[in-house]
Amino acid sequence: ALQAPCLAAWQGKEENVEKAQAVLLHREKCNGEASLGKYDAASDAA
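This is the structure:
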């Protein structure tokens, strides 16, 4: 659940590392909210 969006953003290119890291942090935040029952898919833009 965490890896696929990051790998898609990264595409194996050095210039996409920061974008992939941002995607990972966003997914981690969403997962954390979900574990607390606070996740709202409607507000998830990524």
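Position 7 of the sequence shown, counting from 1, maps to 11 under the working numbering, and the rest follow consecutively.
For every residue, glycine included, the Cβ atom is placed at its ideal position computed from N, Cα and C.
Span of the alpha helix (DSSP H), counted from its first residue to its last, around residue i
i   : result
S39 : 21-39
L11 : 7-14
Exposed unless 16 or more other CB atoms sit within 10 angstroms - verdict on residue i
i   : result
V21 : exposed
Cut-off 7 Å between Cβ atoms - residues of its own chain near residue i, not counting five sequence neighbours on either side
i   : result
A1  : No answer is possible for residue 1: the residues shown for the chain start at 5 and end at 50.
C34 : Y43, D48
Contact under 9 Å by Cβ, residue i with residue j
i  : j   : result
P9 : L28 : yes
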